[in-house]
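Protein chains in written order, with numbering that gives the first Met the number 0: chain A, 0 to 216; chain B, 0 to 216; chain C, 0 to 216; chain D, 0 to 216; chain E, 0 to 216; chain F, 0 to 216.
Reviewing the structure listed below.
6 protein chains.
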Amino acid sequence: MGAPFLIVTIFLTLASSFAFASDPSPLQDFCVAVNNPKLFVNGKFCQDPKLATADDFFFKGLNIAGNTSNKVGSNVTTVNVAQIAGLNTLGISLVRIDYAPYGLNPPHTHPRATEILTVLEGTLYVGFVTSNPDNRLITKVLNKGDVFVFPVGLIHFQFNTGDTNAVVIAGLSSQNPGVITIANAVFGSKPPISDDVLAKALQVDKKVVDYLKAQFG
Amino acid sequence: MGAPFLIVTIFLTLASSFAFASDPSPLQDFCVAVNNPKLFVNGKFCQDPKLATADDFFFKGLNIAGNTSNKVGSNVTTVNVAQIAGLNTLGISLVRIDYAPYGLNPPHTHPRATEILTVLEGTLYVGFVTSNPDNRLITKVLNKGDVFVFPVGLIHFQFNTGDTNAVVIAGLSSQNPGVITIANAVFGSKPPISDDVLAKALQVDKKVVDYLKAQFG
Amino acid sequence: MGAPFLIVTIFLTLASSFAFASDPSPLQDFCVAVNNPKLFVNGKFCQDPKLATADDFFFKGLNIAGNTSNKVGSNVTTVNVAQIAGLNTLGISLVRIDYAPYGLNPPHTHPRATEILTVLEGTLYVGFVTSNPDNRLITKVLNKGDVFVFPVGLIHFQFNTGDTNAVVIAGLSSQNPGVITIANAVFGSKPPISDDVLAKALQVDKKVVDYLKAQFG
Amino acid sequence: MGAPFLIVTIFLTLASSFAFASDPSPLQDFCVAVNNPKLFVNGKFCQDPKLATADDFFFKGLNIAGNTSNKVGSNVTTVNVAQIAGLNTLGISLVRIDYAPYGLNPPHTHPRATEILTVLEGTLYVGFVTSNPDNRLITKVLNKGDVFVFPVGLIHFQFNTGDTNAVVIAGLSSQNPGVITIANAVFGSKPPISDDVLAKALQVDKKVVDYLKAQFG
Amino acid sequence: MGAPFLIVTIFLTLASSFAFASDPSPLQDFCVAVNNPKLFVNGKFCQDPKLATADDFFFKGLNIAGNTSNKVGSNVTTVNVAQIAGLNTLGISLVRIDYAPYGLNPPHTHPRATEILTVLEGTLYVGFVTSNPDNRLITKVLNKGDVFVFPVGLIHFQFNTGDTNAVVIAGLSSQNPGVITIANAVFGSKPPISDDVLAKALQVDKKVVDYLKAQFG
Amino acid sequence: MGAPFLIVTIFLTLASSFAFASDPSPLQDFCVAVNNPKLFVNGKFCQDPKLATADDFFFKGLNIAGNTSNKVGSNVTTVNVAQIAGLNTLGISLVRIDYAPYGLNPPHTHPRATEILTVLEGTLYVGFVTSNPDNRLITKVLNKGDVFVFPVGLIHFQFNTGDTNAVVIAGLSSQNPGVITIANAVFGSKPPISDDVLAKALQVDKKVVDYLKAQFG
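Structure follows, in structure tokens:
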């Protein structure tokens, strides 16, 4: 009964940000990103370095709690090259994650990102799972002032086990870590993955597949 | 009803291999891997280059079909640094993937891997999904002689839509791409993810969680 | 007598493709290459990611044998960023190599490329030579299903020792491996290397040099 | 008069930590550092991955203020591969910096590090200076919740302009960023830089040089 | 008395060039830099490779002594991507450094650079200092034909201890190593670092700070 | 007649050194190489950094001309990680090349190396050839004080066109650039390339092949 809902929700995740150990190195002091409507490169185009100002390296408001009024009870505020243009070529970014009581940042993975997380408030049960074939789960209960590392590309989660809000700040090893939220990709892709594939993957009939997809429509 | 089964099966995937664009570069002609029981490094220790022989760069049997008698009807044969010690430091590997009729290599992702796949036999419906927030699905039906690319870290799949076996060979951009099979990590980790977390993630009671975990016991 | 001919032919090579372990890493999911007539970057400019389609990651026809009616009796079909724009930033590519009976892919080297080769049909005698001062030759006779690795930058060759056609597929560790065909560079460069240099290099008089150059005119 | 003192103090800095955009990439999920008394590699040796536990990825106490009772009134608590062995190969680290009222983290630079800093409490006047020949100073006054970036290798500082304590957490793009505290290197090196060099550099007689060195004895 | 002068001069340095171990790798044979008045990238845009000429890889005049008539008695002639456009993407550059008798290339550091220096003429006392906490000074007296290495990012100097001119050529591991001349950054930045910060850093009153800044006005 | 000799000599080259743009980055100040008789890594093991001395970063004698009494009249003195242990992890090296009057450093290529060369004495005709398919020759006559760049992996040469000795110093973008001397690899490998392959490659009978190999025996 709740099973379809469970599937809807199982991966309805808010992504935490990450950063990868191998962004290409800078070839000048900095290369402040600018958007070009017609042309793109690996990373970002840059503005004339003579025009750089402090605001190109600045972001405000990371002290403001994100809105956790959602199904999983967590929210991620990202501070990467999209928010601080000056991060372009510099291989790092940050996030703030807020958790309502019993809020969860559900299992997800990331293409370009190791995360190092610090608990500012609250108590979190966190973990990551190693790749095949072992799939070892490595977990820890974290309290205020605790730091934990999630290696690049591995599935991980954080769960607020307390009845108070929790807050973390995490450093990430890329200017644009990227996030792969499993359920969005599997059930909510645009266009949807064909019923033939998901029915085979789920070993269910297409009605169930269509129901699952509907939750993400 | 079938829903728990579906969740058991949803991610029961056999991994394809991959390779990443940024393995560190070699600092000598080659550095044939050797295992050291007591000590490890990033990558592998190497043997004395004077001892290198052709067999250090050789693997046989990629013409032999893998056994696809399993729930998803596909099988991956990997040829990475674990099979060819000479691949150490060289940033590439291969796989052969076999598909029974209607066999599927279900959605999965990889921490260190772009894949470029060539269809040797059969017809495959393949696709990958972009990262958040767009989660665009990009798909193609591939026939013999077609080549397709799965960018590093993105969730992707291959499905044999024909009533004959299918076979592919794929090149991968790392000596040790790694595979993250979602279901194994989420439902089959050792030890299991706590019922508190998964019940919250699935928005179901712990009975359903325990049932799901049982399928991977 | 045949000596000048031999020199003409000695390096008349068809290149196999390759890929190098250290292409810069991607900073987004993908960055599909587009050509810009006026401006260039390291690698390629990219199109708007919103415009990406499956065809940007697709190539067809790798099942079609290349034409081996040439002096060395081999042919390379390349599948790199020039054929699949979606390979840009992803650090890998492929080739198919066809060999007529007794066809040879003669000694050559590559600036950005390790190659991992799989024999689909036929029997090949393959080898590579280590760099100075050892110049060790490492060889193997390969049959259907055998895999062999040629480390980046080392001179290597493949020779069809059978009286049937041979076919291989090889994975390569760069989006644009590059090929250095020795004879084309030494005798067929445009403009030619000066007679003074080649006469000294070959320790012959300029008539021989001019004759050699003529074979590549 | 105070001039010699000024020189003593001018660069007496407590280092903030940093991280660089180009640590080599990991070749496995993780590679938890272990020390080897006799042998070293670029980075660290690793323990058997089978032995990894949550504590290898964990650090506690970042909520505890550092002792700022020193000449500059600031203190850096580092969380890099020396504190979290699991950071080895993962290209990122963290620091907490505490500032007494009017405390200063004086001008310094770093060999392998971009820093992204978040103000948790207090008001800081921060800045960095571009490299030769422009030597542009880029500064900002930061309040609670503000984020600022210091590009790798550039001289930078943070000054607590308020009459309350200030606290920041910063993410850094290397497992071992390194710190170059100018005064310690110039006046406090072991053994000292020769009087001949420093007298020439400072255009003073050796008495002044010896006085300066004495402050770091 | 001379103290303020000493501070003016202490870091008035002419930079030596450097090179870093991790410029991103080339993705084609070469990518000759061209300037674009409106747009920038990490590194440089390139011209059409078809237009490349020998002059794009050429620089003349490194046999000409630089003018050492300055306060420190040394001069650096740089040959990096700004002088040889063809160096773009190739990860290396050169410098010539001239020293008057008793001339000094004072302590400085660099963001993207290891330097390997060869003495062509004269006698130099050279050294570098390791990072915190050891700050070990490693020095050597170099004569004609001696070679010495300054690791990336570490503070180093060269001092002509002879009564004749000295000359070196140094190879550098980046196309654009960058130089951080400490005094220019600390006392001569544009705009200046605030008196509040420097007075605190120097533990002197603002009159001294203003005097120091004046030397760089 | 002289033809076989010419082939013997055609590639009998003394290698110049080189350096590549993408050695992995250092993870500490330095990592002075030590040899381990039993175990190897990518690059070199290091000694305890506490034991580092100036001699680990030092090489003497680059002012001494190499012996050019050989068939090509040139000689290369290498200064890479094999000569200066301190270069390990630092991504750069040097060479001195001496040329007798009309001496030649014949066409050769390199797996991990861009070279930037400075003429100290003499006049050289230098060139490199681009990769397939263009094989453009780019040449320049260099005099004292001229600098020229040879991009990584491309075939290049230097020829002393004067009747006096010539000397160059070149910077190279790897700690261990490697050299591929074509003739040594093709005709002098140990064991030799099979007569079947070379007879086919040279389109000559095995007597000629055996003769050529004999010149390198």
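Virtual Cβ for every residue (Gly too), placed ideally from N, Cα, C.
**Study point:** Every unbroken beta strand (DSSP E) inside the region 83-163 of chain B [3 residues or more]
**Key:** The qualifying runs are 92-98, 103-107, 114-120, 123-128, 136-141, 146-149 and 154-159.
Notebook entry, point to check: Rounded C-beta distance between E/I96 and F/S172? I'm assuming under 8 Å.
Noted result: Rounded, the Cβ-Cβ distance is 20 Å, inconsistent with contact.
Relative to the alpha-carbon of D/V118, which residue among A/L61, A/A84 and A/P176 has its alpha-carbon at the smallest distance? Checking every option, the nearest Cα to that of D/V118 belongs to A/L61.
**Request:** Find the residues of chain E that neighbour A/G121, judging by a C-beta separation of less than 9 Å, and give them in chain order.
**Result:** What A/G121 touches in chain E: nothing, since even the nearest Cβ is about 34 Å away.
Report task. Select from B/D22, B/K199, B/L26 and B/K205 the residue whose C-alpha is nearest the C-alpha of F/R111. Result -> Cα-wise, what sits closest to F/R111 is B/L26.
query: If we ignore side chains and look at the alpha-carbon of each, how far apart do B/D47 and B/V33 end up?
result: Roughly 10 Å between the two C-alpha positions.
(request) Just mark F/S130 as buried or exposed, buried being the case when its beta carbon has 16 or more other beta carbons within 10 Å. (result) That one is buried.
| query | Since B/A51 and B/F29 are thought to touch, with beta carbons under 8 Å apart, how far apart are those beta carbons, to the nearest angstrom? | reply | Taking 8 Å as the upper bound for CB-CB distance, B/A51 and B/F29 are in contact here, some 7 Å apart.
| field | Inter-residue spacing [alpha-carbon to alpha-carbon] between E/N134 and D/T67 | value | Inter-residue distance for E/N134 and D/T67 is about 22 Å (C-alpha atoms, whole angstroms).
Quiz item: Over what stretch of residues does the beta strand (DSSP E) that includes D/G170 continue unbroken?
Solution: DSSP places D/G170 inside the beta strand (DSSP E), whose first and last residues are A165 to L171.
Show which residues of chain D have a CB atom less than 7 Å away from the CB atom of F/P25. Those are N41, listed as they occur along chain D.
May I have the straight-line CA-CA distance separating E/K43 from C/D145, to the nearest angstrom? In a straight line, the C-alpha of E/K43 is about 43 Å away from that of C/D145.
query: Taking only runs of the beta strand (DSSP E) that begin and end inside the region 39-72 of chain D, which ones reach a length of at least 3 residues, in chain order?
result: With a minimum length of 3 residues, there is no unbroken run of beta strand (DSSP E) contained wholly in the region 39-72 of chain D.
Do we get a CB-CB distance below 8 Å when we pair A/G65 with the residues of chain B?
False, the Cβ-Cβ gap to chain B never drops below 8 Å.
Q) For B/L153, which of B/L38, B/N87 and B/T180 has the nearest alpha-carbon? A) Taking only the C-alpha atoms, the option nearest B/L153 is B/T180.
Problem - Test item: CB-CB of E/F56 and E/I83 under 8 Å - result: Between E/F56 and E/I83, the gap from beta carbon to beta carbon is short of 8 Å.
What do you get for A/K199, buried or exposed, if any count of 16 or more other CB atoms within 10 angstroms of its CB means buried? Burial check for A/K199: the Cβ neighbour count within 10 Å reaches 16 or more, so the residue is buried.
What in chain F is Cβ-close to C/T88, meaning under 8 Å? Neighbours of C/T88 on chain F: none; closest Cβ ~15 Å, over 8 Å.
* With DSSP as the reference, label F/I181 as helix, strand or coil. => In the structure shown, F/I181 sits in a helix (DSSP, three-state: H, G or I).
Which residues share a DSSP beta bridge with A/K205? A/K205 is not bridged to any residue.
Point to revise | CA nearest to the CA of A/P36, picked from C/E114, C/L103, C/C45 and C/P36 | key: For the residues C/E114, C/L103, C/C45 and C/P36, the minimum Cα distance to A/P36 belongs to C/C45.
Exercise for the section: Note down, in chain order, all residues in the region 44-61 of chain B with a beta-carbon under 7 Å from any beta-carbon belonging to chain D. Expected result: The residues in question: there are none.
Report task. Tell me, please, whether the CB atom of B/Y124 is closer than 8 Å to any CB atom in chain A? Result -> With its beta carbon less than 8 Å from one in chain A, B/Y124 belongs to the interface.
message = I want to see whether chain E comes within less than 8 Å of C/D22, judged by CB atoms only; does it?
response = Chain E contact via Cβ: present.
field: Simplified DSSP assignment, three categories, for E/A213
entry: Residue state for E/A213 is assigned as helix, using DSSP reduced to three classes.
query = Between D/A79 and chain B, is there a C-beta pair that is closer than 8 Å?
reply = Per the sequence shown, residue 79 of chain D should be read as Asn rather than Ala. By this cut-off, D/N79 is not an interface position.
Taking the alpha-carbon of D/T163 as reference, which of D/V31, D/F149 and D/S73 has the nearest alpha-carbon?
Measuring C-alpha to C-alpha distances from D/T163 to each of D/V31, D/F149 and D/S73 identifies D/S73 as the nearest.
Self-check item: Beta-carbon proximity list for C/N142, same chain, < 7 Å, skipping 5 on both sides
Solution: For C/N142, where only same-chain residues beyond five positions count, the Cβ hits under 7 Å are V118 and T122.
Notebook entry, point to check: Apart from the five residues on each side of it in sequence, which residues of its chain come closer than 7 Å, Cβ to Cβ, to D/F58?
Noted result: Same-chain partners within the cutoff: V78, Q82 and I83.
>> Taking a contact to mean a Cβ-Cβ separation below 8 Å, would you say C/F233 touches C/L103 in this structure?
In response: Nothing can be reported for residue 233 of chain C: it is not among the residues displayed for chain C, which extend from 0 to 216.
**Prompt:** Taking C-alpha atoms, which residue in E/F127, E/H109, E/Y101 and E/V140 lies nearest to D/F186?
**Reply:** Checked all of E/F127, E/H109, E/Y101 and E/V140; the closest Cα to D/F186 is E/F127.
What are the residues that DSSP puts in a beta bridge with F/V33? Bridge partners of F/V33: F/F44.
**Request:** For D/K189, go through chain E and note every residue whose CB falls closer than 8 Å to its CB, in chain order.
**Result:** Within chain E, the residues near D/K189 are D133, N134, R135 and L136.
| Using the rule of at least 16 other Cβ atoms within 10 Å of the residue's Cβ for burial, across every protein chain shown, is D/V151 buried or exposed? | With 16 or more other Cβ atoms within 10 Å, it is buried.
Looking only at DSSP bridge pairs, what is E/N74 linked to? Per DSSP, E/D97.
_Could you compute how far the alpha carbon of A/D209 sits from the alpha carbon of A/A184?_
C-alpha separation (whole angstroms): 15 Å.
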